[in-house]
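FYI, the numbering used here numbers position 154 of the sequence shown as 310, with every residue one higher than the one before it.
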Amino acid sequence: MLVIRADLVDAMVAHARADHPDEACGVLAGPEGSDRPERHIAMVNAERLGTGRFLREHVPGIAIVAAEPRYGEGVYALRNIDEGFIPELYDPEVLTTRFSVGSIDALRRTRELVQVEGIFAGISIGAILHAALGVAAKARNAGQRADVAFTVCDAGWKYLSTGAYAGSLDEAEEALEGQLWA
């Protein structure tokens, strides 16, 4: 049996992202579930457009949705394209649509991930979760079935000093206000 140490997996993923950032995530995603007949929806952020491109090629009819902050609001690690920030890897042909998320919604969903699922993720993942739930609710309300998936590609430990995980939601939002959103 071949065993690959976790530190080597991290190094391999980092190497793939550095050398082939537009393809690495697509290769890692794999085609699992691509032969199922239901409507598939994948939530992606800009650095995951390689995944979106891969899924679009292998899953007919898939919708690729990007979560982004509401115009004028900041969500840690995400920016609104309409404000002039275009990620280097951005390819508008990959996306089906964009889903706007407020900062308090992103923060609330980030905390829910910790409390309900035990996943200590970054704030951008809270935004993506909020968008995923919104897309799923829209499909349900329209009487449609949709399989919605997203990856948790950011850890919460990097944001401990921001105040995002302490106090009430209002206190956390106030603590985050005015901080540099990278």
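Think of the CB as a built atom: it goes at the ideal place given N, C-alpha and C, for glycine as much as any other residue.
Simplified DSSP assignment, three categories, for residue i
| i | result |
| --- | --- |
| S256 | strand |
| F276 | coil |
| V215 | coil |
| V270 | helix |
| D326 | helix |
| G182 | In this predicted model, G182 has a pLDDT of only 39, less than 50, meaning its place in the structure is not dependable enough to derive any value. |
| D261 | helix |
| G319 | coil |
| D191 | Confidence in D191 is poor, its pLDDT being 43 and thus under 50, which makes the residue's placement unreliable; the coordinate value appears in the next sentence. Three-state result, D191: coil. |
| A202 | Below a pLDDT of 50, predicted positions are generally treated as unreliable, and A202, at 47, falls in that range; no measurement from the model is reported. |
| A331 | helix |
Given residue i as reference, the closest of the options once Cα atoms are compared
| i | options | result |
| --- | --- | --- |
| E249 | V308, E213, N297, A287 | E213 |
| I218 | V304, E330, T318 | V304 |
| K314 | I220, A277, I260, A302 | A277 |
| T318 | A331, N297, D310 | A331 |
| G258 | V291, A223, T252, Q271 | A223 |
| E327 | I275, I260, N297, T252 | I260 |
| E329 | A311, A262, I220, A292 | A262 |
| C309 | I275, L316, V291, R296 | I275 |
| A288 | T253, L316, V215, V270 | T253 |
| A293 | F255, V270, T307, V272 | F255 |
| H286 | Q271, F306, A298 | F306 |
| D247 | E273, R226, I220 | I220 |
N-terminal and C-terminal residue of the alpha helix (DSSP H) that residue i is part of
| i | result |
| --- | --- |
| V221 | Careful: V221 lies outside any alpha helix (DSSP H), inside the beta strand (DSSP E) at 219-225. |
| V291 | 279-297 |
Beta-ladder partner(s) of residue i, from DSSP
| i | result |
| --- | --- |
| A311 | A277 |
Assess contact between the segment 279-299 and the segment 250-267, defined as three or more Cβ pairs (one per stretch) separated by less than 8 Å. Is contact present?
yes
Below 8 Å, how does it come out for the segment 287-305 and the segment 318-327: are there three or more Cβ pairs, yes or no?
no
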